[in-house]
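Engineer: Shown below is the structure under consideration.
Number of protein chains: 2
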Amino acid sequence: MSAKTDTEVFIGGRVFTLSGYESEEYLQKVASYINNKMSEYSKLESYTRQTSDIRNILLLLNVADDYFKAKDKIASLEEDLHTKEKELYDLKHELISAQMKLEFSDKQLKEVDVKSNNHGQNLKDNKKAVR
Amino acid sequence: MSAKTDTEVFIGGRVFTLSGYESEEYLQKVASYINNKMSEYSKLESYTRQTSDIRNILLLLNVADDYFKAKDKIASLEEDLHTKEKELYDLKHELISAQMKLEFSDKQLKEVDVKSNNHGQNLKDNKKAVR
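Written as structure tokens, this is what we have:
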């Protein structure tokens with residue numbers, strides 16, 4: 005685990021010192037995301053005409069909405085992954101079965117080849133005997 | 005798309021009327037998540053001793069952190085999915101190749117079988133001829 009550090013971030017025109025284990029790069033990314041939200045919202049009259057408390061709740065709701073949308077995406081990806089894992093499992097079985105059949109066929113082919121050589125030999129012997 | 009509706013949610017001890025296309029169930033879930041965050045934080049002295057503005061930013065940062073963690077999870081799941089898709093692609097090719105080899109071996113076996121029957125017949129004819 006990395007060491008606990010203090011990082012200064014600039015959010016909504018104010019400087020905050022965040023203390024934690026997250027990297028400065030990560031915290032700046034999160035701060036920048038919040039600043040973008042604030043900047044987007046400040047263009048909407050329906051937001052700016054609200055009291056500061058309500059504006060804060062609206063921002064919170066919007067960020068929480070991003071979080072829940074991301075959670076839905078996680079659930080959907082996990083389902084896709086589960087489906088792919090099932091497909092992989094089935095395909096592996098199908099492949100093993102095909103490989104076993106192939107091995108069996110090849111073995112039979114080799115046996116037939118050996119018999120056919122012996123047969124050819126017998127035939128030659130027969131011919132010699134008839135002369 | 006569902007119709008735009010007004011939904012009353014209770015956040016931080018206040019009632020808010022949210023207007024939008026999200027279901028009431030979804031908005032209540034988001035509101036409940038924010039209330040839980042507020043309730044968790046209100047137990048921390050490091051939070052309660054701050055001004056309302058700072059408390060709001062701290063909450064925003066925390067929810068945004070959940071969002072970024074979820075985004076990381078999405079990136080990791082998408083990578084896993086990509087790997088599985090590549091594995092599936094490779095396995096499908098391997099299976100097709102094994103099935104083609106099997107088909108070829110089976111065809112050879114059948115040909116050998118036919119030849120061997122003809123051979124048997126020739127041998128019988130030979131034997132008849134020697135008598």
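Chains as they are written, first to last, in my numbering: chain A, 5 to 135; chain B, 5 to 135.
C-beta: ideal position from N, C-alpha, C; glycine also.
Quick caveat: nothing in here was measured; it's all calculated off a predicted structure.
Would you check if the region 86-96 of chain A and the region 37-53 of chain B touch, i.e. whether three or more CB-CB distances between them fall below 8 Å?
Structural biologist: At 8 Å Cβ cutoff, the stretches do not touch.
Engineer: May I ask you to report which of helix, strand or coil DSSP gives Leu22/B?
Structural biologist: Correct three-state label for Leu22/B: strand.
Engineer: Cβ closer than 8 Å: which chain B residues qualify as neighbours of Val118/A?
Structural biologist: Ordered by position in chain B, no residue passes the 8 Å Cβ test against Val118/A, which lies about 12 Å from the chain.
Engineer: So with Cβ pairs under 8 Å, would you call Ser27/B a contact of chain A?
Structural biologist: So no, Ser27/B is outside the interface.
Engineer: According to DSSP, which residues form a beta bridge with Glu98/B?
Structural biologist: None, per the DSSP bridge assignment.
Engineer: Determine the chain B residues that contact Glu44/A at a beta-carbon separation under 7 Å, and present them in chain order.
Structural biologist: Simply none; closest approach about 14 Å.
Engineer: Could you please give me the residues that DSSP links to Ile78/B through a beta bridge?
Structural biologist: Answer by DSSP bridge pairing: none, since Ile78/B is not bridged.
Engineer: Within the same chain, show all residues whose beta-carbon is closer than 7 Å to that of Ala35/B, passing over the 5 residues directly before and after it, in chain order.
Structural biologist: So the list reads Val13, Phe14, Ile15, once near-sequence residues are dropped.
Engineer: Leaving aside the five residues before and after Phe20/A along the sequence, list all residues of the same chain whose C-beta is less than 6 Å from its C-beta, in chain order.
Structural biologist: Only Val13 meet the Cβ criterion.
Engineer: So the candidates are Leu63/B, Leu81/B, Lys77/B; which of them puts its Cα closest to the Cα of Leu22/A?
Structural biologist: Measuring from the Cα of Leu22/A, the nearest candidate turns out to be Leu63/B.
Engineer: Taking any Cβ of chain B, which residues in the region 72-87 of chain A have a Cβ under 7 Å from it, in chain order?
Structural biologist: Listed in sequence order: Phe72, Ala74, Lys75, Lys77, Ile78, Leu81, Glu82, Asp84, Leu85.
Engineer: Could you say if the region 63-74 of chain A and the region 57-76 of chain B meet the contact criterion of at least three C-beta pairs nearer than 8 Å?
Structural biologist: Yes: at least three Cβ pairs fall under 8 Å.
Engineer: Thinking C-beta only, is Ala102/A closer than 8 Å to Leu106/B?
Structural biologist: Result yes, Cβ atoms of Leu106/B and Ala102/A sit closer than 8 Å.
Engineer: Taking Thr52/A as part of the alpha helix (DSSP H), name the residues at either end of that continuous run.
Structural biologist: 49-52 is the span of the alpha helix (DSSP H), which, as asked, contains Thr52/A.
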